[in-house]
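Taking it in order: structure first as structure tokens, then the write-up.
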Amino acid sequence: MEEIVLGGGCFWCIEAVFAGLDGVEVAESGYMGGHIKNPAYREVCTGRTGHAEVVRVVFDPARIRLDDVLDVFFTAHDPTTLNRQGADAGTQYRSAIFYTSEAQLPAIEAAVQRAAQVWSDPIVTERKEATVFYPAEGYHQEYYALNGEAPYCKAVIAPKMHKVQQAFPHLQRAQKN
0 MEEIVLGGGC FWCIEAVFAG LDGVEVAESG YMGGHIKNPA YREVCTGRTG
50 HAEVVRVVFD PARIRLDDVL DVFFTAHDPT TLNRQGADAG TQYRSAIFYT
100 SEAQLPAIEA AVQRAAQVWS DPIVTERKEA TVFYPAEGYH QEYYALNGEA
150 PYCKAVIAPK MHKVQQAFPH LQRAQKN
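Mapping of the sequence shown onto numbering that gives the first Met the number 0: position 107 corresponds to residue 106, and the numbering continues sequentially without gaps.
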């Protein structure tokens, strides 16, 4: 298994996108990149902890390549807006890749270059070594799966998932009946 931690705005969105990919074993919402221990959502939301809302993605590289994980990431959010995704604004919503191995760096830089060919504005995605991952509170986990009819899910998450499903149909997890 391989792990990477991704921040692309609200973690509910990123978690939902990655939970639907074949080969992704874990998509867990949490916090990373800040300066306090064990942050809570209410603290992170202030923007004063330095943490980003992130998703820890654990995947099987024999089933989904890091390149694909990163291309999905750059499709699922706008990596050109500094500290903002849509109406969600603040450093906690920054675009970030936290790598867990220096061996991931060439793939990350190649993905940034591919993304730069798609987006007209410069890529502002922060790239840093992973630090301590703090899992988000339980009510944030599997948020879309459990609350898909909520207005935010319908208005914000569903369109991102549709965009990724259209762009990467070959990477989607088979639906269970």
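All C-beta atoms in this analysis are idealised placements derived from N, C-alpha and C, irrespective of residue type, glycine included. Bear in mind the structure is a predicted one, so any value in this text is a computation, not a measurement.
Please report the straight-line C-alpha distance between residue i and residue j, rounded to a whole angstrom.
i, j, result
"P134", "V56", "12 Å"
"H169", "L20", "9 Å"
"N146", "Q140", "11 Å"
"D67", "E2", "13 Å"
"Q165", "V123", "25 Å"
"D77", "A115", "11 Å"
"V23", "R47", "31 Å"
"L178", "Q103", "Limits of the chain in this structure are 0 at one end and 176 at the other, which puts residue 178 out of reach."
At a threshold of 6 Å, does residue i count as lining the ligand GDP (C-beta to nearest heavy atom)?
i, result
"E141", "In the structure on display, the ligand GDP does not appear, and there are no ligands present to speak of."
Tell me whether residue i is buried or exposed, calling it buried when 16 or more other Cβ atoms sit within 10 Å of its Cβ.
i, result
"S94", "buried"
"Y138", "exposed"
"A144", "exposed"
"V155", "buried"
Kindly indicate which three-state DSSP category residue i falls into: helix, strand or coil?
i, result
"G7", "strand"
"A18", "helix"
"R126", "strand"
"V131", "coil"
Between which residues of its own chain and residue i is the CB-CB distance below 8 Å, once the five residues before and five after are set aside?
i, result
"V53", "V4, L5, G6, F10, I13, S28, G29, Y30, M31, G32, A95, F97 and F132"
"N176", "Confidence is the limiting factor: at N176 the pLDDT is only 44, short of 50, which leaves the residue's position unreliable, though a coordinate-based value still follows. Nothing meets the Cβ criterion."
"K127", "G32, A95, I96, F97 and Y98"
So, at 6 Å on beta carbons, what are the nonlocal neighbours of residue i in its own chain, with the 5 sequence-adjacent residues on each side left out?
i, result
"A18", "A26"
Sorted by chain position, which residues of the same chain lie with C-beta nearer than 7 Å to residue i's C-beta, five sequence neighbours on each side aside?
i, result
"V16", "V71, A75, K159, M160 and V163"
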